[in-house]
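Residue numbers (the working numbering): 513 to 684.
Just so you know, even glycine gets a beta-carbon here, dropped at the ideal spot from N, CA and C.
It should be emphasised that the depicted structure is a prediction, and the values quoted were computed from it without experimental measurement.
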């Protein structure tokens, strides 16, 4: 008997069974015991997940950087609050030592989210229309993101081998 109930897919903000009805077992590598039956996504499930993610991205993009930062910081708080329980699950699932999952895995995941929550406050810039598409892929838009930078020598973000350039360009 599995330790955990069936693990359904998470699509559109809710848990749903796979449309194909297939599952697979997650096994504790140390004991061979079945931890859970996990629903296996098929192409219809993937299409639904992509559609949901695209809709969610529009909602995320409409948030201010402060709102996004608050959401990430809430995730950090939850990870830290539930560190021991999550570490035990990770150990059961992977067979890694509990001391490692408690002091490294969940902690570093929280640290990364906290870093990005802090970085968001410094995001500034503007979108501008480019004369030439930024991508050679047909159908890609011609928008670029301009970020203010300090005056002085900077490295170019284009092809390798180009020399550093002065920004803004010197005027004579």
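- Drop a sphere of 10 angstroms on the beta-carbon of residue 603, count the other beta-carbons inside from all chains shown, and report buried for 16 or more, exposed for fewer. The residue labelled residue 603 in the question sits at position 91 within the chain shown. Burial of residue 603 is indicated by the presence of at least 16 other C-beta atoms within 10 angstroms of its C-beta.
- Supposed contact pair residue 557 and residue 530 - C-beta distance, whole angstroms, cut 8 Å: One-based indexing of the chain shown puts residue 530 at position 18. One-based indexing of the chain shown puts residue 557 at position 45. About 6 Å separates the two Cβ atoms, so the contact holds.
- Euclidean distance between Cα positions of residue 515 and residue 521: As a working mapping, residue 515 is identified with position 3 in the chain shown. As a working mapping, residue 521 is identified with position 9 in the chain shown. Taking the CA atoms as reference points, residue 515 sits about 18 Å from residue 521.
- Applying the criterion that 16 or more other CB atoms from any shown protein chain within 10 Å of the CB defines a buried residue, is residue 633 buried or exposed? As a position in the chain shown, residue 633 is number 121, starting the count at 1. Exposed.
- Message: Does the structure place the region 621-631 close enough to the region 587-606 that three or more beta carbon pairs sit under 8 Å?
- Response: Yes: the two stretches touch, three or more of their Cβ pairs being nearer than 8 Å.
- Message: Can you find the residues in the same chain that come closer than 6 Å, C-beta to C-beta, to residue 598, ignoring five residues on each side of it along the sequence?
- Response: Residue mapping note: residue 598 aligns to position 86 of the chain shown, counting from 1. Taken in chain order, the residues that qualify are 618.
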